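Residue numbers are given in the UniProt record's numbering: position 44 of the sequence shown equals residue 44, and the series is strictly consecutive. In what follows, a single structure is set out as structure tokens and then discussed.
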Amino acid sequence: MAKGTGRKAGGGLARPVTPSADLAAIVGSAPLPRSEVVSKVWDHIRKNNLQNPNNKREILADDKLRKVFGTDKCTMFEMNKHLSKHLS
Numbered sequence: 001m002a003k004g005t006g007r008k009a010g011g012g013l014a015r016p017v018t019p020s021a022d023l024a025a026i027v028g029s030a031p032l033p034r035s036e037v038v039s040k041v042w043d044h045i046r047k048n049n050l051q052n053p054n055n056k057r058e059i060l061a062d063d064k065l066r067k068v069f070g071t072d073k074c075t076m077f078e079m080n081k082h083l084s085k086h087l088s
């Protein structure tokens with residue numbers, strides 16, 4: 001980035017966000033960059049085998065993810081929309 005543009009480092013995806021109580025049950029309550037939140041959610045999905053075996057793009061929510069997603073299943077593309085509601 002060119003000097004003098006007025007932008008500060010650490011914004012956007014690198015800026016720490018605080019997860020809601022429901023999301024904190026999966027990723028912890030400490031502020032994290034958004035990319036790290038998504039990574040920890042994927043770790044939870046893989047660890048608990050929550051991908052639909054017939055359609056790997058679909059996530060089958062367990063009790064913890066159901067509180068975050070608000071539905072029993074969603075696609076990996078919809079996941080970020082649901083996660084953003086739980087980050088401040």
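For glycine and all other residues, C-beta sits at the position ideal for the given N, C-alpha and C. Owing to the predicted nature of the structure, the values given are computational and were not obtained by experimental measurement.
If you draw a straight line from the Cα of PRO53 to the Cα of HIS44, it is about 16 angstroms long. Collapsing the DSSP output to three states places LYS85 in coil. In the three-state reduction of the DSSP assignment, ARG34 falls in the helix class. Judged by DSSP secondary structure, ARG57 falls within the beta strand (DSSP E) whose first and last residues are 55-60. Between the C-alpha atoms of LEU32 and ILE59 there is a straight-line separation of about 23 angstroms.
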